[in-house]
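To start, the structure under review is shown below, and the notes come after it.
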Amino acid sequence: MRKDGCEHMRERRAMVGAFEPSLLHNHWQTEFDALTETLLDELAQLTTVDLFPALAVPLSAGYLKLVLGIEQATDAQLFRWAQALIRGAMNAGLDPEIFQESDQANSEMNECLDQMIERHLRNPNCSVLSVMVNQPDPIPLSQIRTNMKICIGGAVVETRDAVLSTLYGLLSNPEQLRYSIDQNAWDRVCEEGLRWMAPIQASPRIVKKSLVMRGVNIPKGETVMAIQASANHDEDIWDQPHLFNPQREPHGNQAFGDGSHQCLGGNIYRLLVSKAVLPKLFERFPALSLVNQKAVKFTGFAFRGPTSLPVNLR
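For what it's worth, full-length UniProt numbering labels the leading residue of the sequence shown as 1, then goes sequentially.
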């Protein structure tokens, strides 16, 4: 993430094979359908449930384990590792306990990855880790580990929060929900959810050359904060951007970034949500509704999403 040019592209290309369009529809679609059906089966006998622990957590962890090729990790481990990485990266106060926590998580991830690498070398498959280690000229082990940790640190929390925010946007707007079901507009719903409540609201950037922006001098080498949440609510682009409205004309949003560093997982997330989760969830539970709309609270700045999402299933 801190590299550019050829150095960055070599490490990025090492992962690209897992995200080829043919794999998205011929392999990952089947995997995501099965994962979603399994999780919905577990909800079938319930009347009221919190979709945060019951759906979003196992969905995001299960999907990530499949795509990354780290099936031996537990859901709890993935979220603990991600939280430790995030806390360590944001430890501006240099708290030694936080660094100890992130060091422990790094050690555990290395052990897990090294064990899985042995399996993938014996039995290659479509996962990110398998694609990286089975390249004719693989990148160094240290970079393979780093790439995997970047995916873990961002994707498991990001996916959980994005799914919950999108569901809240739908369930708190019955007219939009009815439109989405009637028109089978799940692609638009997925995109609007990402725009309306970007799961990663802000991220740092380093200025590569001095510039003046709206009268402000920003020198080369300065660290600035890119606010994806603000960009996705630009009034010059979207009418009433504060409203969740999948009927609006879609424009490119900044939820997954842009340019050469755009998140590789953007399209695979869209596949998961628009082709599996949303259509199957509302087909299985057409009367799905919020228990108490006002009780749903959003928290977080770097990562943002609901802390719970209690619903009536029928």
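Idealized CB from N, CA, C, for every residue including glycine. Quantities reported herein were computed from a predicted structural model and do not represent experimental measurements.
Alpha-carbon spacing of Met132 relative to Asp239, whole angstroms: 43 Å
Roughly how many angstroms separate the alpha carbons of Ile181 and Ala155, rounded to a whole number? 27 Å
Which residue wins for smallest C-alpha separation from residue 343, given the options Asn123, Arg13, Ser172 and Val311? There is simply no residue 343 to check, as the chain begins at 1 and stops at 314 in what is shown.
How do the region 267-286 and the region 220-231 stand: do at least 3 beta-carbon pairs fall below 8 Å, yes or no? no
Quick one: complete beta strand (DSSP E) runs, 3+ long, within the region 193-234? 202-206, 211-213, 216-218 and 223-227
Taking Ala202 and Ala302 to be in contact with their CB atoms under 8 Å, please state how far apart those CB atoms are, rounded to whole angstroms. 6 Å
Let me know the beta strand (DSSP E) ranges lying completely inside the region 86-141, each 3 residues or longer, listed in chain order. none
Report yes if the CB atom of Leu24 is closer than 8 Å to the CB atom of Leu313, and no otherwise. no
First through last residue of the beta strand (DSSP E) which encompasses Val311: Pro310 to Asn312
Quick check: what's the CA-CA separation for Asn134 versus Ile70? 15 Å
Grouping DSSP H, G and I as helix and E and B as strand, with all else coil, what is Pro246? coil
Quick check: what's the CA-CA separation for His27 versus Ser210? 45 Å
Limits of the beta strand (DSSP E) - the one that Thr307 falls within: Per DSSP, Thr307 belongs to no beta strand (DSSP E) and is neither H nor E.
Between Thr166, Gly215 and Leu66, which has its C-alpha nearest Arg304's C-alpha? Thr166
Could you tell me the distance, in whole angstroms, from the CA atom of Ala255 to the CA atom of Ala231? 9 Å
Candidates Arg12, Thr299 and Glu11: which alpha carbon is nearest residue 319's? Outside the displayed range of the chain (1 to 314) lies residue 319, so it cannot be described from this structure.
Check whether the region 283-294 touches the region 137-156, taking contact to mean three or more Cβ pairs, one atom from each stretch, closer than 8 Å. no
Less than 8 Å between the C-beta atoms of Val163 and Leu59, yes or no? yes
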